[in-house]
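This is the structure in structure tokens:
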């Protein structure tokens, strides 16, 4: 008998600031109709859940706002070559007009049925032997004169005349206020840049960066759109911070429609930012980027949002990148010689990013990129893999293996040609906690060796693909006419080795087979599948010895051509670069005592039992082993522990701390900190500030501290501690046997618990503490259809209580709410305040257990 499996999409993927309203769930009027996918070539096949709403002239779709908002993003389609306009109305009154364009989308792939055994090319124009792709785009706006309140009726009206408009969904959010210029910074307006004037601001930005490098200051880009008529090359060997007023407020717009051209050491045309050979320690964020690029130029665009080498300890965060060839691509493609040794990106963190509607990859960690992470980001509508790590060895280079890269808690959706996540060799990678949906042209996750490189031969550490949710992925006919499941394995240039795929959920698979395999080399010996749940009738294929040499060669030629040309990242391509003062300190294999400066330090403690005091400034600290004590000091620091037992104090500033291996003690200190425990049993103290704590594997102890914190326990049996006088903490953890421990002075009599059912049918708890102002939200305390609590034990000075005994005490004195309402919903579980009886509604979907 199959076990019943339920899942809640809200516990996977990125935690977004916006609420999504699907158009086909709205109220339709004046001739609006729902369009559903009739074939893999239909426009609806690229829409969310393969359906959208078609609006003829003056037709409309409406919905009720679930939360306050003052910013909107619309995913839409208009015919190729057409423009359109829609009006956003709030309670029947005009709030904003959005201009719609087909400029950036509508690509055409050669149909494999007409080009069997050939290279499948992408074109900008239709033909009888081509099929349309990239049929949706997005547009966003701040509602400057109107605010939406929860409960308001929001309506989208087509005002495009005879041009039909398709609406996939609308996202509404409360945009943060613009970030003011920080202290100790220079603004690009100090050097002649003017927002919204349509004039090139390249010289002003370059001058601001040079000034910041010599003075040790950061660079600020204020509100407005700043234009750039060519690709920007930035050389910062000692690090820099470049930030805007926020992604809703600052835009970098690249005006060229053509790839870059290099003439006499200068760059003309093109767009995006290249961090040149030798750059390090870059902090870049709080802005948006877009361009006028509308063609891949037969895979030769080399027009990426951010590319090059970001060295050690860099961070890209709170950013939106769209309408480029690629969102972010890291790698050094310099020809190796004595003058130009190969450099690498090591320890990059991409967080809170929106990487959308680019012609090729969303993010690709290539050419030896290692120890780098994409976390809590939305990757949507890209042409090649949404997230990828490729252990490439470009011609005339000697790149090392790409290793220990991580894709964690991201939402990857609506890719229109390749997979959601691609793992192309390397070692030690981790793919976990992601929501991957509606990649209807290929797989949700693919692991393969169809590209030349290190492949999996050096993968002694093992690659883990676990605890992901895949909804609506796969196809019966990919670009080359093959079936691809939600997860796909394929071998061409070597065997897939030492890969574990476990505890993933596959739902609404769009192919006949949920996990597909073409493994002529290894016959699947290097792949371990366990605990994966397939909801529906799809199955797992046996390893296939069938090879597709002509088709694989075509894929390789097409996708490899996205890499930059040789000699692409050299500091001498631009002039006038100067150094900023950064102190590099390297320890020994022994036990070191290291003190940094009050400036920017880069400290590598190596192995051994070290004591490291980084001091002031935005520092980067690494250790590789031993039992270490690390103090970040003032400034926004990035600290990475090793495999030993480390104690890390972030001190003041907005710090990012990684415990990695060992039983670690991680203390955020003052500021808004992000702490990652990694493996083993860790102790977290968020302390002051709005902190985010990720437990990882192991049995962890998490103290949020003052202010409003978000706590993710991860795998293992975790304990959350909440003390008197703290703020509003949110707990999200559906793994293990977890406990909530209340600090001194908080008794059972002080609690009030309110239960509510969320949009996915799961039950959330909100616990308020009398006389303290404190509050705890347990997100998904009961997943839909489950009778197992996320937090099942509650500890007080007066004793320890199970869910049942705690609710018995509280309900008797009227300290519960919402439980009767919760019990009226199907697929949910709770105890009622009246009877404390279990209400369990069986789920109806039966999975296949692997």
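Numbering (UniProt numbering), first residue to last: 1 to 850. Beta carbons are placed, not taken as given, at the ideal position from N, Cα and C, and that holds for glycine. In this text, all values refer to a predicted model and were calculated from it rather than measured experimentally.
Beta-carbon gap between residue i and residue j smaller than 8 angstroms
i           : j           : result
residue 359 : residue 301 : yes
residue 448 : residue 391 : no
residue 641 : residue 659 : yes
residue 908 : residue 636 : There is no way to answer for residue 908, as the model of the chain reaches only from 1 to 850.
residue 410 : residue 376 : yes
residue 809 : residue 748 : yes
residue 305 : residue 324 : yes
residue 420 : residue 436 : yes
residue 26  : residue 61  : yes
residue 586 : residue 312 : no
residue 35  : residue 198 : no
Residue range of the unbroken beta strand (DSSP E) whose run includes residue i
i           : result
residue 209 : Note, residue 209: premise wrong, no beta strand (DSSP E); alpha helix (DSSP H) at 202-215.
residue 811 : Counting along the chain, residue 811 falls outside any beta strand (DSSP E), though it belongs to the alpha helix (DSSP H) covering 803-812.
residue 732 : 728-732
residue 243 : 240-244
residue 107 : 107-110
residue 406 : 406-408
residue 388 : 387-390
residue 665 : 665-667
residue 913 : In the structure as shown, the chain begins at 1 and stops at 850. Residue 913 is therefore absent and cannot be evaluated.
residue 620 : 620-622
residue 100 : 93-101
residue 33  : 33-36
residue 430 : 430-432
residue 767 : 763-769
residue 377 : Counting along the chain, residue 377 falls outside any beta strand (DSSP E), and DSSP gives it neither H nor E.
residue 470 : 469-471
residue 502 : 499-502
residue 422 : 421-424
Where residue i falls: helix, strand or coil (DSSP)
i           : result
residue 555 : Unreliable positioning characterises residue 555 in this predicted model, as indicated by a pLDDT of 28, which lies under 50. The coordinate reading is nonetheless provided below. Residue 555: helix per DSSP, three-state reduction.
residue 932 : The structure shown does not extend to residue 932, since the chain is modelled only from 1 to 850, so the question has no answer here.
residue 349 : strand
residue 146 : coil
residue 828 : Bear in mind that the predicted position of residue 828 carries a pLDDT of just 33, short of 50, making it unreliable; the figure below should be weighed with that in mind. Three-state result, residue 828: coil.
residue 189 : helix
residue 739 : strand
residue 530 : strand
residue 219 : strand
residue 437 : strand
residue 25  : helix
residue 748 : helix
residue 307 : strand
residue 177 : coil
residue 10  : helix
residue 706 : coil
residue 361 : coil
Neighbour-count burial assignment, residue i, 16 or more Cβ in a 10 Å radius
i           : result
residue 124 : exposed
residue 275 : buried
residue 669 : buried
residue 212 : buried
residue 220 : buried
residue 142 : exposed
residue 236 : buried
residue 283 : buried
residue 812 : exposed
residue 484 : buried
residue 600 : buried
residue 770 : exposed
residue 265 : exposed
Any non-hydrogen atom of the ligand MG closer than 7 angstroms to residue i Cβ
i           : result
residue 602 : Looking for the ligand MG in the displayed structure turns up nothing, as the structure carries no ligands at all.
Contact between the region 523-536 and the region 492-503 (3+ Cβ pairs under 8 angstroms):
yes
Examine the Cβ distances between the region 117-135 and the region 148-160 and report whether three or more of them are shorter than 8 angstroms. no
Does the region 200-217 come close enough to the region 244-251 to have 3 or more Cβ pairs within less than 8 angstroms? no
Is the region 7-19 close to the region 451-469, with three or more CB pairs under 8 angstroms? yes
Is it true that the region 221-235 meets the region 187-206, where meeting means three or more beta-carbon pairs spaced less than 8 angstroms apart? yes
Taking contact to mean 3 or more Cβ pairs, one atom from each stretch, closer than 8 angstroms, check whether the region 778-789 and the region 750-769 are in contact. yes
Do the region 302-320 and the region 269-289 meet, that is, are 3 or more Cβ pairs less than 8 angstroms apart?
yes
Margin query: Assess contact between the region 178-197 and the region 93-102, defined as three or more Cβ pairs (one per stretch) separated by less than 8 angstroms. Is contact present?
Written below: no
Does the contact criterion of 3 or more C-beta pairs under 8 angstroms hold for the region 484-497 versus the region 99-117? no
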